[in-house]
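Peer 1: In this note's numbering, the protein residues as written are 955 to 1267. Just so you know, even glycine gets a beta-carbon here, dropped at the ideal spot from N, CA and C. Please read all numbers here as calculations on a predicted model, not as lab measurements.
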């Protein structure tokens, strides 16, 4: 049987604790982990180095926790959703009644862009809905910017106080509303004109143009961005409307945008979850989200734009 407040939830139970001291963090997360292990529930932890070290010291030696590298697990929002779903499916397939997850996603307080992770926090309410998972997200109010904290409250159905009290969140917003809002946000301003603009390129032409720009990326990042660009250009031709325009900026960061004059996907979860329907519909966006460290979708008067970035935050 399931345990804790998640026992009253059919499927996914998504909580957040906002804490302002290490002692508050441990007062909530240590019992969450200890009790999960004692109940025989697979307990997954993906925290930053500081929080992971605090928790390890607070737990008895040999506590049966699945420790994940937060840097690896939270490489991209879409890859985090995919790998968690795979782990949950494996656990459920083995017959366990419930899985516990303790995580801390990237945010600007630690140098990461927030838009993609805001989409993640909204989307997991649907992405994990069919799994018996009790998850607890941790945000430190000392390092998390106020606008991010406001978004965190909007995307979590349940709140945990620093003293461990739990309650439904009256500020929770329907995930699809959050996702649609993000897609209608304006594109960020780029630092100057693009280094290159391509009108109606084929995927191969776009790939070769990016490779020829001499972007300041390591080999793995460049290969991922090249493949993601190819997938998005192909997606624009297959599912968008011409003309298709690719713009590329280089510098400390490499930025690529692909714009077509279509309305973009109707599915607010596009790119974060495998597309429904045909085997190919939306596959390009999903692949791009798996590969690109930062991918954002923008719908505006000029059409639909996919923006991808790589390099230092």
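1) Please classify residue 1021 as buried or exposed, where buried requires at least 16 other C-beta atoms within 10 Å of its C-beta.
2) With a CB to CB cut of under 8 Å and the five nearest residues on each side skipped, what residues in its chain are close to residue 1266?
3) Determine, using beta carbons only, whether residue 1038 comes closer than 8 Å to chain C.
4) Can you list, in chain order, the stretches of the alpha helix (DSSP H) that have 4 or more residues and sit fully within the segment 1089–1132?
5) Suppose the cutoff is 6 Å on Cβ atoms and the five residues either side in sequence are ignored; what does the same chain contact list for residue 1113 look like?
6) Using the Cα positions of residue 1182 and residue 1137, report the straight-line distance between them to the nearest angstrom.
7) Grouping DSSP H, G and I as helix and E and B as strand, with all else coil, what is residue 1138?
8) What number of angstroms, rounded off, separates the C-alpha of residue 1111 from the C-alpha of residue 1071?
9) Alpha carbon to alpha carbon, how far is residue 985 from residue 978? Give it in angstroms, no decimals.
10) In its own chain, which residues sit with a C-beta less than 7 Å from the C-beta of residue 1156, not counting the 5 before and 5 after it?
11) Given this structure, state the Cα-to-Cα distance separating residue 1097 from residue 1108, to the nearest angstrom.
12) Given this structure, state the Cα-to-Cα distance separating residue 967 from residue 1191, to the nearest angstrom.
13) Run the CB neighbour count on residue 1259, radius 10 Å, all protein chains shown included, and call it buried at 16 or more, exposed below.
Peer 2: Reading off the structure:
1) As a working mapping, residue 1021 is identified with position 67 in the chain shown. By the neighbour-count rule (16 or more Cβ atoms within 10 Å), residue 1021 is not buried but exposed.
2) Against the chain shown, residue 1266 aligns to sequence position 312. Here the set comprises 1206, 1207.
3) Although the question refers to chain C, the structure presented lacks it and comprises just one protein chain.
4) 1100–1109
5) Within the chain shown, residue 1113 is the residue found at index 159, counting from 1. Cβ neighbours of residue 1113 beyond the five flanking positions: 1121, 1123.
6) Here residue 1182 refers to the residue found at position 228 of the chain shown. Here residue 1137 refers to the residue found at position 183 of the chain shown. The straight-line gap from Cα to Cα measures roughly 19 Å.
7) In the chain shown, residue 1138 corresponds to position 184, counting from 1. In this structure, residue 1138 counts as coil in the three-state DSSP scheme.
8) To locate residue 1111, count along the chain shown from 1; it is residue 157. To locate residue 1071, count along the chain shown from 1; it is residue 117. Distance between the alpha carbons of residue 1111 and residue 1071 is about 17 Å.
9) Taking the first residue of the chain shown as 1, we reach residue 978 at position 24. Taking the first residue of the chain shown as 1, we reach residue 985 at position 31. Approximately 12 Å, taken between the alpha carbons.
10) As a first step, residue 1156 is located in the chain shown; it is residue number 202 there, counting from the start. Nothing meets the Cβ criterion.
11) Along the chain shown, read from residue 1 onward, the residue named residue 1097 stands at position 143. Along the chain shown, read from residue 1 onward, the residue named residue 1108 stands at position 154. For residue 1097 and residue 1108, the distance between alpha carbons rounds to 19 Å.
12) Within the chain shown, residue 967 is the residue found at index 13, counting from 1. Within the chain shown, residue 1191 is the residue found at index 237, counting from 1. When rounded, the distance between both Cα atoms is 39 Å.
13) Taking the first residue of the chain shown as 1, we reach residue 1259 at position 305. When all chains shown are included, residue 1259 counts as buried.
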